[in-house]
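Report on the structure given below.
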Amino acid sequence: MKPTLEFAGASQPTLLSAVVVAALTFSPQIASADESGISFWVPGLFGSLAAAPTAPGWSLGTIYYHTSVSASGAAAAAREVQIGRFSPNVNVNLNVNLKAPPDLLFLAPSAPAAAQQPKNPNIVVILADNLGYGELGVYGGGILRGAPTPRIDALAGEGTRLLNFNVEAQCTPSRSALLTGRFAIRSGTYEVPIGGIPDGLTQWEITTAELLSGQGYATGMWGKWHLGSAEDRMPTNQGFDEWYGIPRTYDEAMWPSLDETRSMWPSVGNRQGWNAKVVHPQHIYEARKGDKPRQVAVLDEDRRRTMDAEITSRAVEFIKRNASSGKPFYAYVPFAHVHMPTLPNLEFAGRTGNGDWADCLAEMDYRTGQILDAIKQAGIENDTLVIFASDNGPEATNPWEGDNGPWRGTYFTAMEGSLRAPFIIRWPGKVPAGRISNEIVHTVDLFTTLARVGGAEVPTDRAIDGVDQLDFFLGKQEASNREGFPAYVADRLSAVKWRNWKVHLIWQETMYATPQKLPLPRVINLLTDRKEERDVAAQNSWVADPAVRIIGELEASFKKYPPIKLGTPDPYTPP
Numbered sequence: 099m100k101p102t103l104e105f106a107g108a109s110q111p112t113l114l115s116a117v118v119v120a121a122l123t124f125s126p127q128i129a130s131a132d133e134s135g136i137s138f139w140v141p142g143l144f145g146s147l148a149a150a151p152t153a154p155g156w157s158l159g160t161i162y163y164h165t166s167v168s169a170s171g172a173a174a175a176a177r178e179v180q181i182g183r184f185s186p187n188v189n190v191n192l193n194v195n196l197k198a199p200p201d202l203l204f205l206a207p208s209a210p211a212a213a214q215q216p217k218n219p220n221i222v223v224i225l226a227d228n229l230g231y232g233e234l235g236v237y238g239g240g241i242l243r244g245a246p247t248p249r250i251d252a253l254a255g256e257g258t259r260l261l262n263f264n265v266e267a268q269c270t271p272s273r274s275a276l277l278t279g280r281f282a283i284r285s286g287t288y289e290v291p292i293g294g295i296p297d298g299l300t301q302w303e304i305t306t307a308e309l310l311s312g313q314g315y316a317t318g319m320w321g322k323w324h325l326g327s328a329e330d331r332m333p334t335n336q337g338f339d340e341w342y343g344i345p346r347t348y349d350e351a352m353w354p355s356l357d358e359t360r361s362m363w364p365s366v367g368n369r370q371g372w373n374a375k376v377v378h379p380q381h382i383y384e385a386r387k388g389d390k391p392r393q394v395a396v397l398d399e400d401r402r403r404t405m406d407a408e409i410t411s412r413a414v415e416f417i418k419r420n421a422s423s424g425k426p427f428y429a430y431v432p433f434a435h436v437h438m439p440t441l442p443n444l445e446f447a448g449r450t451g452n453g454d455w456a457d458c459l460a461e462m463d464y465r466t467g468q469i470l471d472a473i474k475q476a477g478i479e480n481d482t483l484v485i486f487a488s489d490n491g492p493e494a495t496n497p498w499e500g501d502n503g504p505w506r507g508t509y510f511t512a513m514e515g516s517l518r519a520p521f522i523i524r525w526p527g528k529v530p531a532g533r534i535s536n537e538i539v540h541t542v543d544l545f546t547t548l549a550r551v552g553g554a555e556v557p558t559d560r561a562i563d564g565v566d567q568l569d570f571f572l573g574k575q576e577a578s579n580r581e582g583f584p585a586y587v588a589d590r591l592s593a594v595k596w597r598n599w600k601v602h603l604i605w606q607e608t609m610y611a612t613p614q615k616l617p618l619p620r621v622i623n624l625l626t627d628r629k630e631e632r633d634v635a636a637q638n639s640w641v642a643d644p645a646v647r648i649i650g651e652l653e654a655s656f657k658k659y660p661p662i663k664l665g666t667p668d669p670y671t672p673p
């Protein structure tokens, strides 16, 4: 039975006695209670009863006690102790022996008692590579694509699933938009980099990792960066405490397998293949903030097979380490799967019986489950926001083509099959479970939303395109805070989405098709025409108004904040 405190004596202040009884018998700060006494602590800023009530918390007044009661701090041997203001984060411990004669002991609030501020939640973002809208079971794929995805499907049931999550058209632009909250056209990252020019984000850009690091988060990334390959443009230069992965793309894993002795073009001679003396192979790197990145190994097809296992192992270790320390963390986990070449870990090779692509899908689901299991085993599920998404639409290159579900087009276009990607968010007890929404959300919104989740302020010295979607994610409102957005393919404004409408300015159906500038905009109703086959501009010319408004707002912001050009070196200073 939980012991209680009783007070006696003619001078007993009844109100204050009630205060301390409530504080000591019901307060969550009680550390232990048994027949021998109650041990409790009062956190925060402390002041005497005479102190001005400017800071919330408990004031420790005069304590009358005998040998059965002890007070930590100076003058503990005196019968009467005046405890003044203590520094923050100092705990005052009192031990009261309930079997001893009663004493007069009271606490009085100097201001309304403030609730203890909860620790910022942990954030885990799992990003699949070139995973189309129609690949996962919960999006109509799974076994129809050769492999069930039970762990990711279960994650969707535990959280909210979006049907209209939009991304940029290529890997680099999409990852840039995700991490900076800015359309990639603004940051000079609007297309996959080519050799010979400075590539990636300038150090002037601010990433989610930098914002959260400033709020005391541990930050880690494992996987493909694709936002800079110079040693001063790595993830650890952009807010991440640690990183393991590749700076560019997984295509390059094929280079060492297509050297001069194993040419792609044997009919014209061996000296047509890749040569390390001409172009260096891509390396896997390991880095920590403040240190020079270290080359671990050459990325070849064998290492491509093991990448997601290595990524997951390091992410799990990071989660366990920070869960034990109690420090909030931000884990960014961009998987290698299902980017070409689709090479499963040997542990999964042949598992589905449906080829390498299906085996990779099965492995990705398993690796996602390993991360979710680590969160659960660490006892931090309720304190951890988890996002699973893809960077863009499906692969377009034979034999690794992906599936865009009901939509048309491949990545590197402004078709829905390029722009719509799977998205799942889970935060137990906060994000509604089993919810499905067709509201528009863009990947840039995650920057602004996660900044709020982590208690950070978004920069005000630049254009930020992301809008705060936290209330929408938490189910406090049905509508997204975004109605539309401009869709760029490289540096070409190709389309505008607004509500359930799409206005095409440039037409391109697949990655390898030639972009065609349209003489007149093509208007599509996405609710009735998911394949974008019927131009209904004649009956719906009014849609031009919101589309032009979105374009006008963007162009006005370009005048105020000129876009950074592709290949801009550091240091960059805004004009």
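My numbering applies: residue 99 is where the sequence shown begins, and numbers increase by one. For each residue, glycine too, the CB sits at the ideal point set by N, CA and C.
| Asked | Found |
| --- | --- |
| Whole beta strand (DSSP E) elements within the segment 319-360, 3-residue minimum | 340-343 |
| Neighbourhood of Lys217 by C-beta, 8 Å cutoff - its chain only, sequence neighbours within 5 removed | Gly424, Pro426, Asp481 |
| Proximity to Val634 [Cα-Cα], best of Ala642, Gln575, Ile622 | Ile622 |
| Uninterrupted beta strand (DSSP E) stretches inside the segment 551-639 (no shorter than 3 residues) | 582-587, 590-596, 599-605, 614-623 |
| Val543 versus Leu276: straight-line alpha-carbon distance, rounded | In the sequence under discussion, the amino acid at residue 543 is Asp, which differs from the Val named in the question. Roughly 8 Å between the two C-alpha positions. |
| Which listed residue (Thr612, Gly552, Ala642, Gly553) has its alpha carbon closest to that of Lys595 | Ala642 |
| Inter-stretch contact (C-beta, 8 Å, three-pair minimum) for the segment 256-271 and the segment 506-517 | yes |
| Whole-angstrom distance between Ile250 and Lys418, CA atom to CA atom | 21 Å |
| The segment 242-249 in contact with the segment 530-545 per 3-pair CB rule at 8 Å | no |
| Sequence-distant residues of the same chain with beta carbon closer than 7 Å to Leu551, five excluded per side | Looking at the sequence provided, one finds Val at residue 551 rather than Leu. Cβ neighbours of Val551 beyond the five flanking positions: Pro219, Ile221, Leu483, Leu568. |
| Arg524 versus Ala307 - alpha carbon distance | 20 Å |
| Burial state of Asp589, where buried means 16 or more other Cβ atoms lie within 10 Å | exposed |
| Segments of 4+ residues assigned as alpha helix (DSSP H) that fall wholly inside the segment 216-278 | 248-256, 269-278 |
| 8 Å CB neighbourhood of Lys390 in its chain, flanking five on each side removed | Glu329 |
| Three-state secondary structure (DSSP) of Ile304 | coil |
| Beta-carbon contacts of Ile649 that lie in its chain and below 8 Å, excluding the five residues immediately before and after | Pro584, Leu591, Val594 |
| Tyr315, buried or exposed, once every other Cβ within 10 Å from all chains shown has been counted against 16 | buried |
| Cβ shell of Gly606 (< 6 Å), same chain only, five flanking positions each side left out | The residue you asked about is not Gly; residue 606 is Gln in the sequence shown. Answer for Gln606: Thr511, Pro613, listed in chain order. |
| Per-residue DSSP class, three states only, for Leu483 | strand |
| Inside the segment 481-549 only - alpha helix (DSSP H) runs reaching at least 4 residues | 514-517 |
| Cutoff 7 Å; reference Ser274; Cβ partners in own chain excluding five residues on either side | Ala282, Ser285, Thr287, Leu299, Leu325 |
| Contained alpha helix (DSSP H) runs [length at least 4] in the segment 429-490, N- to C-terminal order | 454-475 |
| 6 Å Cβ shell around Thr152 - same chain, five flanking residues per side excluded | For Thr152, the predicted model reports a pLDDT of 31, less than 50, meaning its position is unreliable and no value from the coordinates is stated. |
| Through-space distance from Leu652 to Ile409, alpha-carbon basis | 37 Å |
| Opening and closing residue of the beta strand (DSSP E) in which Glu384 lies | 381-386 |
| Straight-line gap, Lys474 to Val290 (C-alpha atoms, nearest Å) | 37 Å |
| Counted within 10 angstroms of its Cβ, other Cβ atoms place His378 as buried (16 or more) or exposed | exposed |
| Simplified DSSP state of Val394, which is helix, strand or coil | strand |
| Local conformation of Ala374 per DSSP, three classes | coil |
| Opening and closing residue of the alpha helix (DSSP H) in which Arg403 lies | 399-423 |
| Own chain, CB closer than 8 Å to Asn420, minus 5 neighbours either side, in chain order | Asn220, Ala316, Pro426, Phe427 |
| Phe656 (DSSP reduced to helix, strand or coil) | helix |
| Rounded separation between Arg401 and Met352 - CA only | 11 Å |
| Same chain only: Cβ atoms within 8 Å of Glu399, ignoring 5 sequence neighbours per side | Ala351, Met352, Pro354, Ser355, Pro439, Leu441 |
| Residues bridged to Thr317 [DSSP beta-bridge criterion] | Tyr428 |
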